[in-house]
Structures are given as structure tokens and as C-alpha cells.
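Peer 1: Below is one structure. I have some questions about it.
There are 2 protein chains.
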Amino acid sequence: MRKPLSADMFDELCPSSLNPIRFGDKWAALVIRCLESGPRRYSELRVPLSRVTPKVLTQSLRSLERDGLIKRTVHTDTTPRVEYELTPLGHSLLEPMAVACAWTEQHWDELLDARESYDNATRLHQTG
Amino acid sequence: MRKPLSADMFDELCPSSLNPIRFGDKWAALVIRCLESGPRRYSELRVPLSRVTPKVLTQSLRSLERDGLIKRTVHTDTTPRVEYELTPLGHSLLEPMAVACAWTEQHWDELLDARESYDNATRLHQTG
DNA sequence: GGCCGTGGTTACCAACCGGATACCGGTTAT
DNA sequence: ATAACCGGTATCCGGTTGGTAACCACGGCC
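Protein sequence lines correspond, in order, to chains A and B.
Read the first sequence against our numbering and you will find it ends at 112, with the numbers running on by one and no gaps.
Read the second sequence against our numbering and you will find it ends at 112, with the numbers running on by one and no gaps.
In C-alpha cells form, the structure reads like this:
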């Protein structure tokens, strides 16, 4: 719950752009997964999402907020900080995400194979 | 099964670009739904997808074929024709799609409301 | 006063996606 | 012969997405 997010949470892995199933924009799904275990500060999110520049992370967060999937709270007590957390609506998205994730894990190899043979076939068709 | 696809299959409806959950490119999910009931010819697909230009439809079909989700068959017997049909892999995608679709139907209003109030709030913040 | 950390913003830019329009090569029907 | 149909291509183009780099307002702290 209050465990910090590890920097290699999405290491190497997560070629989300290759996945035919997408939730929101490019990084939205990863953001949501980061918030699964409770509210997080902007700087906390930046740790596992180090490949995402602040601008793009903010874009993603704003977009999720706009859709009512996450809630942004500015705390002014003691030290000023901003926390992001899943709304009930955002939480409800975890189910279809899990199903999609299961499908991807199950068929990932098949998908890559299909692409490779398709690309090989079309390349042959072009050059020879 | 052999019923023709109706032209208003996706009429009015299906602002898929607003849906946070997406399968493949802009039209892929609709193409898949068209193929649910069996193989279809290119010209058959163009009926419900009349808003999609031939180039874009071809792009979508190629992309789905590349991922091994659909199979393209050129028939040379009697009358030449091209048929597209779901592969087993493509068929397996129907389950996560159904889950995603259920989520969207269930939360669509909530989503639109969230956007509207967010946009109103930010607009107020800008002008006033 | 100067510096640091937080949570961003701004300006600029390249790539990609999707769309409009026009055209095309082969086959069948007339 | 020629016209229509089928299954696309070719070309161009504008809008959006995502990325880089630089900057910034605010408060706390030394």
C-alpha cells in the first residue's frame, strides 16, 4: 500500500505500443497500474515511468482526470504536495484491463510470430 | 451467417475515438465485429463502413492480417473475389472485446459526464 | 540572498494516423 | 469494343501524438 514504486517496475518489458489493445493514451495503462495500490505523488510516479518526460506524464494524468478515472488532489497542509488516485470509475477499469492483459500474455508469442512471418513474406514479395 | 451486413450497422453510434479502450487502429474493432458472423468480401465490408475510405479500410485489414487476427484469401474459382475472415487468434480477441464493450456501455454516461464537468471547470478557470 | 525540490509549463519539432481525391489493372457482362 | 465492377494504389495533406529541451512559480532552508 505505502510501498514505494520500484524503478524497474516496467523495465525492458511493456512494449505497449505493439499491443493491439490499448487503454487511453500511450502511458495511461501503466499510470493506472501504478495507482492500483493507492494514491501516489507526481514525483513517485516519475520513478517507474522515468522514460516518460514530465510533459507527457502530465498530459496522460490530465487526460485520465478528464475522463474521471483518476482524482488529482492538492494538499496544502504541512508540505505542499499533489496526489493522484484512482476513482471508483478508474478502479472499475482494472477488470477489463486484467482480461486484456491475460489475452496479451496468452497470445503474445503468437502475435509476434504472425508479424514476423507476415513481414518476411511481404519482404520477399518486394525484393524477389 | 450469410446475412448481408446492414449499412446502418454502426450508424450514428460508435464514437470509438472517445472510448478509452481501443483495439488496434481506429476501425479495427468494427472490422472484427463485421467478421464475427463469417467471412466477408471487401465490398461487403464497405457497406457498414461507408465512412471509411478504401485506403484506410485496406490499411486496417492489412494491419489485422499482419497480426494474424484475420486471414485474407483470394479465390480464383468462378468469379474472382477476396474474402476476409477471423483466424482462431482473431476469434479469441472477441472475449476481451466483449468485456471492454460491457465496461464502456456500463460507464459511458459516467465518462461523458466527467468530461463535460472537467471541460466546464477548466473553461471557467480560463475565462473567469 | 541564493539554492533546492516540487510540480509542473512553454516552445518547438518529427513522426504517424487518418482522410480526400484520383487513378488503375484485371475480369465479366453487354 | 467497351463499360462496369472489384479490390484495391498513388499522391497529397492536415491534425494529433509523443518527444526534447528549456524554463518557471512557489515555498522551505541555509
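From the three backbone atoms N, C-alpha and C, an ideal C-beta is built for every residue, glycine too.
Predicted model only: the values in this text are computed from it and were never measured.
If we count the other Cβ atoms within 10 Å of its Cβ and call it buried at 16 or more, is G22/A buried or exposed?
Peer 2: Sequence index remark: in the first sequence, residue 22/A carries index 38 (1-based). Answer is exposed; the Cβ neighbour count stays below 16.
Peer 1: Thinking C-alpha only, which one of D51/B, S27/B, L53/B and G52/B is nearest L41/B?
Peer 2: Position 57 of the second sequence, counting from 1, holds the residue named residue 41/B. Nearest of D51/B, S27/B, L53/B and G52/B to L41/B, Cα basis: S27/B.
Peer 1: For E89/B, does the three-state DSSP call read helix, strand or coil?
Peer 2: What you label residue 89/B is simply residue 105 of the second sequence in a count that begins at 1. Per DSSP, reduced to three states, the secondary structure at E89/B is helical.
Peer 1: Taking the alpha carbon of S101/A as the point to measure from, which residue in R50/B, N3/B and H75/B has its own alpha carbon closest?
Peer 2: Taking the first residue of the first sequence as position 1, residue 101/A is located at position 117. The shortest C-alpha separation from S101/A is found at R50/B.
Peer 1: Give me the DSSP bridge partner(s) of T62/B.
Peer 2: In the second sequence, counting from the first residue as 1, residue 62/B sits at position 78. For T62/B, which the question treats as bridged, DSSP gives no partner whatsoever.
Peer 1: Closer than 8 Å is the cut-off here; do at least three beta carbon pairs connect the region 1 to 10 of chain A with the region 4 to 17 of chain B?
Peer 2: yes
Peer 1: Which same chain residues end up closer than 8 Å to G112/B when comparing Cβ atoms and leaving out the 5 residues on each side of it in sequence?
Peer 2: Here residue 112/B corresponds to residue number 128 of the second sequence, with the count starting at 1. Here G112/B scores only 47 on pLDDT, less than 50, and its place in the model should not be relied on; the value that follows carries that caveat. Counting only Cβ-Cβ distances below 8 Å, and skipping sequence neighbours, we find nothing.
Peer 1: Can you give the Cα-Cα distance for W87/B and E79/A, rounded to whole angstroms?
Peer 2: Within the second sequence, the letter at position 103 stands for residue 87/B. Within the first sequence, the letter at position 95 stands for residue 79/A. Cα to Cα, the separation comes out at about 9 Å.
Peer 1: Along the chain, where does the beta strand (DSSP E) that runs through R30/A open and close?
Peer 2: Taking the first sequence and counting its residues from 1, the one referred to as residue 30/A is at position 46. Per DSSP, R30/A lies in no beta strand (DSSP E) segment; the continuous alpha helix (DSSP H) that holds it begins and ends at Y26 to R30.
Peer 1: Straight-line CA distance for P(-12)/B to R25/B?
Peer 2: Sequence index remark: in the second sequence, residue -12/B carries index 4 (1-based). Sequence index remark: in the second sequence, residue 25/B carries index 41 (1-based). If I take the Cα positions, the gap works out to 11 Å.
Peer 1: Going by other Cβ atoms of all chains shown within 10 Å of its Cβ, with 16 needed for buried, is V58/B buried or exposed?
Peer 2: In the second sequence, counting from the first residue as 1, residue 58/B sits at position 74. Exposed, since its Cβ has fewer than 16 Cβ neighbours within 10 Å.
Peer 1: Taking only beta carbons into account, state which residues of the region 44 to 73 of chain A come closer than 8 Å to chain B, listed in chain order.
Peer 2: For chain B, the residues of the region 44 to 73 of chain A that bring a beta carbon within less than 8 Å of one of its beta carbons are E49, R50, D51, G52, L53 and L73, in chain order.
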